[in-house]
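A quick write-up on the structure given underneath.
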Amino acid sequence: ASQQLVGVVGLEVHAQINSNTKLFSGSPVRFSAPPNSLVSFFDASLPGTLPMLNRRCVEAAVMTGLALNCTINKKSYFDRKHYFYADLPAGYQITQQRKPIAVDGVLTYSYFGEKKRSQMIRKSVQIKQIQLEQDSGKSLHDDDRSQTLIDLNRAVGLMELVMEPEMKSGEEAAAAIRELQLILQALGTCQGNMSGQLRVDANVSVHRPGEPLGIRTEVKNINSIRYLARAIYEIQRQIDAVQSGRAVQNETRAYDSKSVPMREKEGLQDYFMPEPNLPALIVYEDNASLPTGIDPSQAVVVQKIKDRLPELPGVKRDRLVQTYGILPEHSFTLVNEDGLMEYFETLMKTTQREPRKVIGWVTNELLGHLKQRDMSVSQPISPAHLAELLKLQETGRISSSAAKQVFQEMWRSGGKTAWQIVQEQELGLVHDSAQLHSICQKVVDSHPDEVHAVRNGNKKVLNKLIGLVQKETKGRADPVLVKEILQ
Amino acid sequence: EWLLVVWLKIYTENKPHLIISNLVDKLERLALVDFRTKQGLECLEKAIRFADQLHVVDTTGIEPMDSVLEDRALYLREDTAVDGGCAEELLKLSRKTVEEYFVVPPGNIPLPKKEERSSMLKHSEL
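For the protein sequence lines, the chains are A and B, in the order given.
So for the first sequence, the numbering used here puts the first residue at 1; every next one is plus one.
So for the second sequence, the numbering used here puts the first residue at 1001; every next one is plus one.
What follows is the structure, given as C-alpha cells:
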C-alpha cells in the first residue's frame, strides 16, 4: 500500500505598503489614477535620478516585522535585481536580497477542522524574511495589435514576505493568509485587498514523507482567499494523479493560473548586485542608542514602534474570550468576519442576556443568513433589534422556535421590529391559564386512550398530548405550562 | 567573483569542452557579443587572468565595500507627495504612445539559440 501523500505549500506574499508616496520617490500612491500621471523622473528611470527612501515604508516594515515576531536587522542593505522587462524601465528592481530588514518570524493561524467542524486547529508557519522592494509598473497586453501598453503608476513600495514551505494544504494556506490580512489591516501597514494590495504566489507540490519533492507548480497572483484554497487543492490533486501515473503531465487545468512573465525565465537574467546609490539602512533599538545630535526625522526607533503597536487579532480574540466568557471557536469567528465583532459588542451593550446565549444568534443565525446571501455585516438587523428579539425570548413571550421564525421575518422585512412581527403573525406564547385549560381539556376529552396510557405510567404518550395541544394553539402554547396543566 | 574562479578552474584543469560552451553561451547572451572565435576566447582568458590579480590582495576580516557612500547615513524622506504629475513631459520621450500609455513590443524577444543565430547570420543581408 502506498504511503499517504503529503502536500507541501510555500507562500510568497507581496504586500503593497499603505503610504502616501512611493518607496523611492515622492510620487503619490493612488488607486485608479490616469496612466502615468503618478510618475516622477526617477520612476521613469531617467538618467541622473536617484532613489530617496520613504521613512513611512521603513516604519511599516518594522511594524509588520514586530507583529510577526521577527528579528529586526538594525542594519539592512539594498540590492539591485536585474532583469529585462518593459514595465521595469531601469532594468533592475531595488530589493533587499543580502540582508533584509526583518527575519525569522512566526505567523500563528487557526482554522476549523474538516472532521470536527466546531473544533479549531492551531498552526504556525515560519516567516523566513520580510524585505522592502519596489513594485514594477503594469503591462497591458494588446494581442490584437501585437503590442504592450505600459503604465508606471504602480511602482509603489512592497513588503515581500517569504514563508517557509511548512503548510500542507490549500486550507492551511488560506487560513494563514486570512490571518496575515487581519494583522496587516490592524497595523494599517497594508490594506490587504487581495485584488492588488496583497498578492500571493503559491509553490505547490506533493510527496511521500521521506522522498524528495516531486513536481512543483507555481500559481501566481491569486486574487481571493477562497480561490487560493481551491487552486492549491486542484494542483495537489493533479500532481497526485500525475505521480501515480494516472494522468498526463499537460492535463488542462481546471483553474486559470496567470502565465509566468518571461522576465523570470530560466533564471538567466536575475543576477544581484549591491545598490550603490543607497548606503545601509540603520534602525535604532531605542532612544538610548541614538547617536548624539541626530535629527529625529532621520531616526527610526524600533522601541517607539513597538509601543505603538495596535491590538492584534490574536489579542482581540483572547480579550473577547476573557471579557464575555465565550469559546475560542466563537471569538475566532467574530474576529474573522468583517464587522461581526463590532456587531456582537454593540449587541452586548444593549442586551441583558448572557453572552454565551447571545453568541449563537450572532455566529449561527446572523452569520448563516449573511453567508447564504454572500453579504457582509451590513446590518439588515441592527443590534438593537436583535436585542429586543432576545429579550422577548428570554422573558418567555415567545418560544425558541418562534424566535427563529421571527428572526427570518425580521431579515426579510428589513426594519420591522421583533414585537411588530410577533403581533402580526400571532406568534406570542399563550400564557392565559384559562384558555390553555380549556384547550387541554378538549384534547384530554377527545383522546381517552392516550389519557389512559399516561395514567398507567406511559410518560411518552404525554408528549403526544402536548403535541396535540400545541397543534391547537398553533405552537403558541408555553410547553412547560401545558405539561403542568395536563398532569 | 565566483564566475572568474570557476572559469579559471575550468581553463587550467582542462575540463570537457561542453562546460565551457554553456558558460560562453550564457556570457554571450548577457553581453550580446559573439566571441566564440579562438581570438575571442584568448582575449577573454587574458582578461580573466588580469582581473585575477585581485586575489593577491589579502582581504581576510575586511567587509567588502559595496558603495562609495561608506558610512554615510541613508537619508529618509517624509511621506508627502512632491513629485509626479508630469505625464505629458515623460510621454514625449517615447517614440510611440497610445492614450497616455507607453507602447512597447509584446514581451521580450528571446535571443535565438547559438545554432539558430549562425544560420540567421548566414542568410542575413549583412
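For every residue, glycine included, the Cβ atom is placed at its ideal position computed from N, Cα and C.
Since the model is a prediction, treat every value here as computed from it, not as a measurement.
Contact between the stretch 212-226 of chain A and the stretch 20-38 of chain A is absent, with fewer than three C-beta pairs closer than 8 Å. Judged by DSSP in its simplified three-state form, Phe112(A) adopts strand. Spatial neighbours of Tyr111(A) in its own chain (CB-CB distance under 8 Å, excluding positions within 5 residues in sequence) are listed in chain order as Met120, Ile121, Lys123, Glu171, Glu172, Ala174, Ala175.
Proximity of chain B to Ile282(A) at the Cβ level (cut-off 9 Å) is accounted for by Ala1073, Leu1074, in chain order.
Using a Cβ-Cβ distance cut-off of 8 Å, the stretch 80-100 of chain A and the stretch 311-319 of chain A are not in contact, since fewer than three pairs of beta carbons, one from each stretch, lie closer than that value. Restricting attention to Val301(A), Gln238(A), Val8(A), the CA atom closest to the CA of Lys74(A) is found in Val301(A). Judged by pairs of C-beta atoms under 8 Å, the stretch 147-160 of chain A touches the stretch 7-19 of chain A, as three or more such pairs exist. Counting along the chain, Thr95(A) sits inside no alpha helix (DSSP H); it lies in the beta strand (DSSP E) bounded by residues 92-95. With respect to chain B, the C-beta atom of Asn54(A) has a partner C-beta closer than 8 Å. Nearest in C-alpha terms to Gln298(A), of all of Val1082(B), Ala1073(B), Leu1032(B), Pro1105(B), is Ala1073(B). Residue contact with chain B for Ile150(A): present (Cβ-Cβ distance below 8 Å to some residue of chain B). If only uninterrupted alpha helix (DSSP H) runs of at least 4 residues are considered, those enclosed by the stretch 315-354 of chain A are 328-336, 340-350. With contacts defined by Cβ atoms closer than 8 Å, Pro313(A) and Ala186(A) form a contacting pair. Going by DSSP, Glu179(A) is part of the alpha helix (DSSP H) stretching over 170-187. Under the Cβ criterion (8 Å, minimum of three pairs), the stretch 1057-1073 of chain B does not count as touching the stretch 37-49 of chain A.
By the criterion of at least three beta-carbon pairs nearer than 8 Å, the stretch 1072-1088 of chain B is in contact with the stretch 33-42 of chain A.
Just so you know, the alpha carbons of Trp419(A) and Ser401(A) end up roughly 15 Å apart. Between the alpha carbons of Phe1050(B) and Pro1064(B) lies a gap of roughly 20 Å. By the rule that beta-carbons nearer than 8 Å mark a contact, Arg1077(B) touches chain A.
In this chain, the beta strand (DSSP E) harbouring Leu198(A) covers 198-207. Put simply, of Arg199(A), Arg230(A), Arg237(A), Gly196(A) the residue whose alpha carbon is nearest the alpha carbon of Arg216(A) is Arg237(A).
Under DSSP, Ile72(A) shares a beta bridge with Ala102(A). Residue nearest to Leu180(A) within the set Ser169(A), Glu166(A), Met167(A), Leu198(A) is Leu198(A) (criterion: CA-CA distance). Against chain A, the CB of Ala1031(B) has no partner CB under 8 Å away; the residue lies outside that interface. About 7 Å separates the beta carbons of Val58(A) and Leu1076(B), which is inside the 8 Å limit, making them a contact pair. In summary, the residues of the stretch 1078-1092 of chain B whose CB is separated from some CB of chain A by less than 8 Å are Glu1078, Asp1079, Thr1080, Ala1081, Val1082, Asp1083, Gly1084, Gly1085, Cys1086, Ala1087, Leu1090, Leu1091, in the order they occur in the chain.
Exclusion of the five residues before and after Glu12(A) leaves Val162, Asp201 as the residues of its chain whose Cβ lies within less than 6 Å of its Cβ.
With a contact defined as Cβ atoms closer than 8 Å, Tyr324(A) and Pro383(A) miss out at about 14 Å. Residue state for Thr1097(B) is assigned as strand, using DSSP reduced to three classes. Comparing alpha carbon positions, the residue from Pro212(A), Asp43(A), Met52(A) closest to Asp135(A) is Asp43(A).
With fewer than 16 other Cβ atoms from the protein chains shown falling within 10 Å of its own Cβ, Thr1060(B) counts as exposed. The Cβ neighbour count for Ile294(A), taken over all protein chains shown within 10 Å, is under 16; the residue is labelled exposed.
Taking a beta-carbon distance threshold of 8 Å, Asp1034(B) does not count as an interface residue toward chain A.
By the beta-carbon neighbour count (other beta carbons within 10 angstroms, threshold 16), Glu275(A) is buried. Within the model, the alpha-carbon separation for Cys1043(B) versus Val1024(B) is close to 13 Å. Inclusion of Ala33(A) and Ile72(A) in the CB contact set at 8 Å is not warranted, their separation being larger than that value.
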